[in-house]
Structures are given as C-alpha cells and as structure tokens.
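Everything on this sheet refers to the single structure shown next.
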Amino acid sequence: MSPPAIRVFNTLAQQKVPLAPIVPGKLGIYVCGPTVYSFIHLGNARTFTSFDVIVRYLRSRGFEVRYVRNFTDVDDKIIKAAQETGEAPQALADRFIAEFQKDVAGLHLIEPDVSPKVSTHLPEIIAIIQKLIANGVAYESNGDVYFQVSKFQGYGKLSRKKLDELESGTRELAGGDTLKELKREPYDFALWKAAKPGEPSWPSPWSAGRPGWHIECSAMSSKYLGETFDLHGGGLDLIFPHHENEIAQSEAASGKTLCHCWMHGNFLDLEGAKMSKSLGNVVRLRDALAKLDGEALRYFFLSTHYRQQLSFSDKMLADAETRLSYFYETLKKTDERVAGKDFGQGPVHGEPERFEREFHEQMSDDFNFSGALAALSGLFNEVNLLCDKPPVKDKAVVGRTLVALRAAVGRLASVLGLFQDEPAAWLLRRRERLVVARGIDTAKVDALIAQRQAARAAKDFAEADRLRGELKAMNVELMDTPAGATWKVIPTLQAED
RNA sequence: GGCGCCAUAGCCAAGUGGUAAGGCAAGGGUCUGCAAAACCCUCAUUCCCCGGUUCGAAUCCGGGUGGCGCCUCCA
171 MSPPAIRVFN TLAQQKVPLA PIVPGKLGIY VCGPTVYSFI HLGNARTFTS
221 FDVIVRYLRS RGFEVRYVRN FTDVDDKIIK AAQETGEAPQ ALADRFIAEF
271 QKDVAGLHLI EPDVSPKVST HLPEIIAIIQ KLIANGVAYE SNGDVYFQVS
321 KFQGYGKLSR KKLDELESGT RELAGGDTLK ELKREPYDFA LWKAAKPGEP
371 SWPSPWSAGR PGWHIECSAM SSKYLGETFD LHGGGLDLIF PHHENEIAQS
421 EAASGKTLCH CWMHGNFLDL EGAKMSKSLG NVVRLRDALA KLDGEALRYF
471 FLSTHYRQQL SFSDKMLADA ETRLSYFYET LKKTDERVAG KDFGQGPVHG
521 EPERFEREFH EQMSDDFNFS GALAALSGLF NEVNLLCDKP PVKDKAVVGR
571 TLVALRAAVG RLASVLGLFQ DEPAAWLLRR RERLVVARGI DTAKVDALIA
621 QRQAARAAKD FAEADRLRGE LKAMNVELMD TPAGATWKVI PTLQAED
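Under my numbering, residues 171 to 667 are what the first sequence spells out, in order.
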C-alpha cells in the first residue's frame, strides 16, 4: 500500500495544493538562509529545522531533492556590524558562516546540496540586473539601479498587497528624501547600490557597488534550480518584501513563473512576542544548546505544525528533553531485547506497519509534525507493551514484531532527525549534564548506593529506604535492576508561576 | 489606517461539515521488599462569545471579544 499523495500549503494560492514536481521524481527547493552578521537565534533554528524535516521527508518518499540554502554574506547589516568590530565585512561574514555551521551541527541539520554565497555570484547578479534593464523594468539612477515595481503587473500577488496601499506605507523610509529623488516611484527597490567611501564594492556597468537585498536569491536560485522550480521556503516575515520582490525580479527577467509553491514557516515567540534580532529579545541557538540536547530542541520544534506560531519556555524545553529520554529508554530496552537474536521467519503480532502508515498520512498532509509525533508515540507505546506486557506468549512472535517495530522507528527517526545517537550514550550524556547542572556529588552517590546494597543484603529495608530517601534529597532516583542498582537525576521542574 | 493569522481540557497540541488524535501534569491500578521504569484505567456532552446556514458545525457564514503578525531590517 503506497502512502498518500503529498499536499502542501502554497502561500501564493492560500491553500493546500498537490505536490506536482516539474520533473517527475525530482524536486528543487530553495530555502532562504541567514544573513550572516551575527549568531542565529532559536527562531531561525526553528525555520531551518522545519525545512530540514520537510526535505528529509520528501527524500524518504523517493523524491530526488535538490536542496539549496544560501548565505547572504553581502549586506548593509554586515557592513554596519563590521564597522563596529573593526573587521573587514567579508571576514566578519565568513566568521559567522563558520559559527552558523557549528551551531547547526548541534541541531543535526542535513547539509544542503548547494549553499551559495552572494560574494561568489556577482557575475550572475549583474547579468540578471542587465536583463531587467534591457526588459525595461529597471533603471539606473546615479550609480544605483532600481526595479520599477509599476512595470511588473503581478506585483503583490504573494503578499496580497496593492500598490496604492504600499505607497502610503513607504513615506517614512529612513533617509527618505535623497532616496525619493533617486527613485521614480516610492515603492521601487534597489537592485544595485553604489558604494559609499569605505564600503566594499564590486565593479559593474553602473558603479562600483553591491547588490540590493533581494536580487541575490533570484540570481542564485535560477543558477542552481533553473528559472522555474518546485518549492521555495523561508520564514513568514520574508513574504514581504523579500519574496514578493524576488518574484518580481525573476519573473520580469525570465518571463516565466519563478516557483510553483511557496512555503512559509511561522515564528517562535518569546513571552508573547516574536523573537527577532531587531527587537533584541533573542535566545541564541548556541546558548540553548549549551543547556539542552539538540535532539530535544528538534523535538520541541516538531511539537506543533510548521505554519503555527510556537511559544517557548524553559519548562517546555525541559519537558521535550524528558520526553526524549522516554524514547531513548525504550530504544535501549528494545535493543537489548533484540540485539544479536534471530527470531526466524513467521507471523508477527498485530499490524506493526500501522504506525508508519499513520505517520505518512500525517506528513503527507502539509507535513503535519504534531500528527506525525502522535503516530510515533503509538509506535513506542506498542514497543513498550511488547517488551513489558506482551499480549502474546510466543517469544518468537514477540521478537519478530519488535524487530519490525524497531526498523520502523529507525525510518521515522531519520525523517525527524531524532534518535540518531546510541541510546545508552545519549542517556548517560543527559545524566552528566544534569549532574553538573544540579551540582551532584557522584562519589557520594556511589558510596550511598554501596551502603544501601549492603543494607538490602542484610534485609535491613528500613536502612535501605532511608538511604534511598537521602539520595532523593540529592535529586537522585535509584532504579533497582537484576544487575544491580543504577541511578538517574530527577529532572526537577520547579513550578512556574 | 490597510492586509492577514490565531483562539480546542490545568498546560502543550491535532482535527476544518458527521459526532473531540497525541503528549505533559493529576488521580487510581498492575509490577516492586520499598521505589523507578513500563503498561492499564480515569481525566473536554464540548471546542472564546452571540446569532445564522444545515438532518447534522469545533469545523461554513455574519457580528463581537481577546492575542499575534505583515505593511520598515528580520527565519
């Protein structure tokens, strides 16, 4: 039974549409990457994680996906940041590209197939600007080049804006007066900016200068995915003006539709407000990863649909990690049960494939992350049931079923980017992090456990319970197993207000 | 001022015309010397409010209320 056809919410159409690849079996996707002038924050991380899972899922469905995510490394904000640090702008941009790669490694994001940079695509950018001038939709003005919005009749189709409404919105543009004189219409936007003294610049037919903000994506997407491609992704805030302008530039240059389907991820909120660099209410990804496992953060991001706003708190993050430890405990137990055993051929219990089927139904419907997670929960519940309270006696049947379920977990996990670690290693690493966070004296823990073992051997259960209580006061929970006592840190969650 | 999104249990969150997924927390149980883990059971006659359409609405329409976003750099 093949999984259902995939439907994707297209911002342009304002509804879910069937995924219809231009070339059967293949998909091209362009995701707007970071402008590298500082560290990325959790909101950025959420968007990139969403598209990471989307690309992984499309590949798992057999599509040959070409995934392009750019770096905007030439930009006004980079110049400004470099002036503050005293670095060369390109050096600063390169530094933050390296920092981005480090941060993102902690989230286990897959590498895009192409990660183009503006600074190495100036010829392509200049070529498309020349084409726009030749097509009569762009004009030079004192060394700058502007796109004449009124010449592109589809303008506003993505963001549902009308030109007359935009006009009033632009009146308070910073530095307005000089800019006003250079532009024919107030909503025209820059394709090329002549450099001021001290600013980095590249030669062009119009001036030594640099590209405007939006043109790089038009140039790079057409280079790597063609003039028309399947999917274009980014954060909600890029719809206007960035994506709107991209459409105008690309379509005015090529005469073709830029992209069939536009996908936009929603924001991550911090205390009810959008997290953004300009508001200053940001939590850096790396600061979060210092306190929290990367997979736990991924799991948290997947707890709601990618088009839904997501609020976060320390408690929610800690809960995600606790949930992840349930999954890893289960995997550890399962692997111990199944490793190196041959259960032969034969029937299995129930219908092990039903969870994966449910997962596909959810993911096929515009990548319903939380629905997919529900399927995952069902799968783990079944695994635990078979391990601890098997509904059938035949151990070979149980074993074969566990093997089948474990394989399904592996497939779903690689789509979600979860459970990529060795269960025992992950659990130990989490314990160590909590030990440090709570300042637990592990030597004392070991000593108390030894004392308790002695008391239990002597059947002095009152003393054993007293020692358990003492450990509990240290936030340590003991688990007696046939192989001896192990322990874990209680992830005490102080009540929130 | 213009445009748009959202509102589901104590909390997080699916569901978008057919009678409320899943998770956390809580309570009870099985197991255990006691625990922990796991499993089982319980936990929204109801989906912000008021009207309307319909045999039937959390889901569609109209009007409120509350929260958020875009219109200016932002994932």
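By construction, the Cβ of each residue, glycine as well, lies at the ideal position given by its N, Cα and C atoms. Predicted model only: the values in this text are computed from it and were never measured.
>> Which residues does DSSP list as the beta-bridge partners of residue 659?
In response: 646
> Within 10 angstroms of its Cβ, does residue 552 collect 16 or more other Cβ (buried), or is it exposed?
Replying inline: buried
> Residue ranges of each alpha helix (DSSP H) run of no fewer than 4 residues wholly in the stretch 357–421, ordered along the chain?
Replying inline: 385–395
>> Going residue by residue through the stretch 505–538, where are the continuous alpha helix (DSSP H) segments of at least 4 residues, counting only ones entirely within it?
In response: 524–534
> Roughly how far, in whole angstroms, is the beta-carbon of residue 243 from the beta-carbon of residue 224, given that I think they are within contact range, below 8 Å?
Replying inline: Not confirmed; about 25 Å, so no contact.
> Which partner residues does residue 481 have in the DSSP bridge list?
Replying inline: 439
> DSSP three-state call for residue 541: helix, strand or coil?
Replying inline: helix
> For residue 131, which residues from the same chain have a beta carbon less than 8 Å from its beta carbon, with the 5 sequence-adjacent residues on both sides left out?
Replying inline: Residue 131 is absent from the model: the chain starts at 171 and stops at 667.
> At what residues does the alpha helix (DSSP H) containing residue 209 begin and finish?
Replying inline: Unbroken run through residue 209: none, as it is neither H nor E.
> My guess is that residue 354 and residue 309 are in contact by the Cβ rule of under 8 Å, so how many angstroms apart are they, rounded?
Replying inline: Residue 354 to residue 309, Cβ: 7 Å. Contact.
> For residue 240, which of helix, strand or coil comes out of DSSP?
Replying inline: In the three-state scheme derived from DSSP, where H, G and I count as helix and E and B as strand, residue 240 is classed as coil.
> Given that a residue counts as buried once 16 or more other Cβ atoms are within 10 Å of its Cβ, and exposed if not, what is residue 532?
Replying inline: buried
> Applying the criterion that 16 or more other CB atoms from any shown protein chain within 10 Å of the CB defines a buried residue, is residue 419 buried or exposed?
Replying inline: buried
> Buried or exposed: which applies to residue 416, given that a residue is buried once 16 or more other Cβ atoms fall within 10 Å of its Cβ?
Replying inline: Answer is buried; the Cβ neighbour count reaches 16.
>> Using C-beta distances below 7 Å, list every residue in its chain close to residue 188, excluding the 5 sequence neighbours before and after it, in chain order.
In response: 175 and 177
> Based on Cα-Cα distance, which residue from 421, 436 and 563 lies nearest to residue 677?
Replying inline: Since the displayed the chain opens at 171 and closes at 667, residue 677 lies outside it and no answer follows.
> If residue 278 and residue 465 are in contact, beta carbons under 8 Å, what's the gap, nearest whole angstrom?
Replying inline: 7 Å
> For the candidate residues 478, 460, 218 and 385, whose alpha-carbon lies nearest to that of residue 487?
Replying inline: 460
> I think residue 649 touches residue 642, with their Cβ atoms under 8 Å apart; what is that distance to the nearest whole Å?
Replying inline: No, residue 649 and residue 642 are not in contact; Cβ-Cβ is about 12 Å, not under 8 Å.
>> For a test of the three-state rule: what should DSSP assign to residue 595, helix, strand or coil?
In response: DSSP, read as helix, strand or coil, puts residue 595 in helix.
> Can you give the Cα-Cα distance for residue 575 and residue 523, rounded to whole angstroms?
Replying inline: 8 Å
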